[in-house]
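Remarks on the structure that follows.
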Amino acid sequence: PQPSALTSEQLIERLMEAEPPGIYLMKDMKKPLTEAKVMMSLTNLADKELVHMITWAKKIPGFVELGLLDQVHLLECCWLEVQMVGLIWRSVDHPGKLIFSPDLSLSREEGSCVQGFVEIFDMLLAATSRVRELKLQREEYVCLKAMILLNSNMCLSSSESSSKLLRLLDAVTDALVSAIGKTVLTFRQQYTRLAHLLMLLSHIRHVSNKGMDHLHCMKMKNMVPLYDLLLEMLDAHIMHSS
Amino acid sequence: TSLKEKHKILHQLLQNSTSPVDLA
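Going down the list, the sequences are from chains A and B.
With the numbering used here applied, the first sequence corresponds to residues 1 to 242, in that order.
With the numbering used here applied, the second sequence corresponds to residues 1001 to 1024, in that order.
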């Protein structure tokens, strides 16, 4: 059904059902960690996660009703942000660590073996601390993640597509407001919380841009074997930004 | 190169009715 036909509760339920499973690296990363080993593991995971992300996007009510090119465009623009918000969510109960997968977690020190990673790690750890302080709920998290996808690009193929997308975003915003409304907050605290949650998204966009530049740099230096889908998504990003 | 050729895998995964996870 179209998201407008769903209540906010039903939409949240659909977003919860769309959540991807835990994705395992399935390889033991032997110590000592090196730049090559860490980059290989992280790009391997990112590539696997991309496939699950496409399944996730297709389950978001209304997404597949957008034109195919628009679906492609939105996913290309937001894929690293979506992966990063997932990483932050998984890491929220593990202060000082980033949980890349159930079988791969790295501390700041372990991540520092990759050149240029510390800055990105620190930004991700800071965003995770903020999410911890805000006590983000699962219902709010699924809405924010859908918003990242739907708000990743405003330039769609037609004005019809753009209005479809805006209606989708409105439905997800209503769902987020309704999730916040389930808490014991006063009205004033509720809209402050809404603002705080939405402000997180600009930080995530910023880290994602840093991460994209880093990955591009690593590719240029032949530091990592890039998997086909990951390479396609990275190239699309470079193409759009140039 | 057409946009479709540049984004071959993503297009295929989005277009296919089978779950992309099963395809992969």
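Don't be surprised by glycine CBs; every beta carbon is placed ideally from N, CA and C.
Alpha carbon of residue i to alpha carbon of residue j, nearest angstrom
| i | j | result |
| --- | --- | --- |
| residue 51/A | residue 1013/B | 8 Å |
| residue 85/A | residue 190/A | 22 Å |
| residue 40/A | residue 237/A | 20 Å |
| residue 53/A | residue 136/A | 21 Å |
| residue 152/A | residue 116/A | 25 Å |
| residue 120/A | residue 68/A | 32 Å |
| residue 174/A | residue 143/A | 9 Å |
| residue 127/A | residue 134/A | 11 Å |
| residue 150/A | residue 1011/B | 18 Å |
| residue 267/A | residue 131/A | Not covered by the structure: residue 267/A. The range shown for chain A is 1 to 242. |
| residue 215/A | residue 196/A | 29 Å |
| residue 35/A | residue 92/A | 25 Å |
| residue 30/A | residue 22/A | 21 Å |
| residue 193/A | residue 8/A | 18 Å |
| residue 61/A | residue 180/A | 21 Å |
| residue 123/A | residue 198/A | 17 Å |
| residue 167/A | residue 239/A | 28 Å |
| residue 165/A | residue 66/A | 7 Å |
| residue 25/A | residue 105/A | 11 Å |
| residue 218/A | residue 212/A | 10 Å |
| residue 90/A | residue 140/A | 14 Å |
| residue 158/A | residue 102/A | 41 Å |
| residue 1024/B | residue 154/A | Below a pLDDT of 50, predicted positions are generally treated as unreliable, and residue 1024/B, at 49, falls in that range; the measurement from the model is reported next regardless. Rounded to whole angstroms, residue 1024/B to residue 154/A spans 30 Å at the Cα level. |
| residue 111/A | residue 99/A | 12 Å |
| residue 241/A | residue 64/A | 25 Å |
| residue 178/A | residue 33/A | 45 Å |
Under 7 Å from the C-beta of residue i: neighbouring residues of chain B
| i | result |
| --- | --- |
| residue 71/A | 1014 |
| residue 228/A | 1009 |
| residue 119/A | Those within 7 Å of residue 119/A in chain B number zero; the least Cβ separation is about 29 Å. |
| residue 75/A | 1010 |
For residue i, the three-state DSSP class (helix, strand or coil)
| i | result |
| --- | --- |
| residue 99/A | strand |
| residue 1001/B | Because the pLDDT of residue 1001/B is 46, which lies under 50, any placement of that residue in the model is unreliable, and the number read from its coordinates should be weighed accordingly. In this structure, residue 1001/B counts as coil in the three-state DSSP scheme. |
| residue 226/A | coil |
| residue 25/A | coil |
| residue 150/A | helix |
| residue 11/A | helix |
| residue 1024/B | With a pLDDT of only 49 at residue 1024/B, under 50, the local geometry of the prediction cannot be trusted, and no value is derived from it. |
| residue 166/A | helix |
| residue 112/A | coil |
| residue 105/A | strand |
| residue 235/A | helix |
| residue 182/A | coil |
| residue 140/A | helix |
| residue 93/A | coil |
| residue 208/A | helix |
| residue 17/A | helix |
| residue 217/A | helix |
| residue 1010/B | helix |
| residue 135/A | coil |
| residue 201/A | helix |
| residue 157/A | coil |
| residue 176/A | helix |
| residue 6/A | coil |
Residue i: contacting residues in chain B (beta-carbon distance under 8 Å)
| i | result |
| --- | --- |
| residue 54/A | 1010, 1013, 1014 and 1020 |
| residue 82/A | By Cβ distance, chain B contributes nothing, its closest Cβ being about 14 Å from residue 82/A, past 8 Å. |
| residue 68/A | 1011, 1014 and 1015 |
| residue 19/A | In chain order: nothing, as chain B lies at least about 13 Å away. |
Quick one: complete alpha helix (DSSP H) runs, 4+ long, within the segment 30 to 91 of chain A? Listed in chain order, the alpha helix (DSSP H) runs fully inside the segment 30 to 91 of chain A are 35 to 59 and 68 to 91, counting runs of at least 4 residues.
Assess contact between the segment 202 to 217 of chain A and the segment 7 to 20 of chain A, defined as three or more Cβ pairs (one per stretch) separated by less than 8 Å. Is contact present? Taking 8 Å as the limit for Cβ pairs, the verdict is that the segment 7 to 20 of chain A does not touch the segment 202 to 217 of chain A.
Three or more C-beta pairs under 8 Å: does that hold for the segment 181 to 190 of chain A against the segment 67 to 82 of chain A? As far as the Cβ criterion goes, the segment 181 to 190 of chain A does not touch the segment 67 to 82 of chain A, which means the pair count is below three.
Kindly confirm or deny that the segment 213 to 231 of chain A and the segment 31 to 47 of chain A touch, where touching means at least three C-beta pairs closer than 8 Å. Judged by pairs of C-beta atoms under 8 Å, the segment 213 to 231 of chain A touches the segment 31 to 47 of chain A, as three or more such pairs exist.
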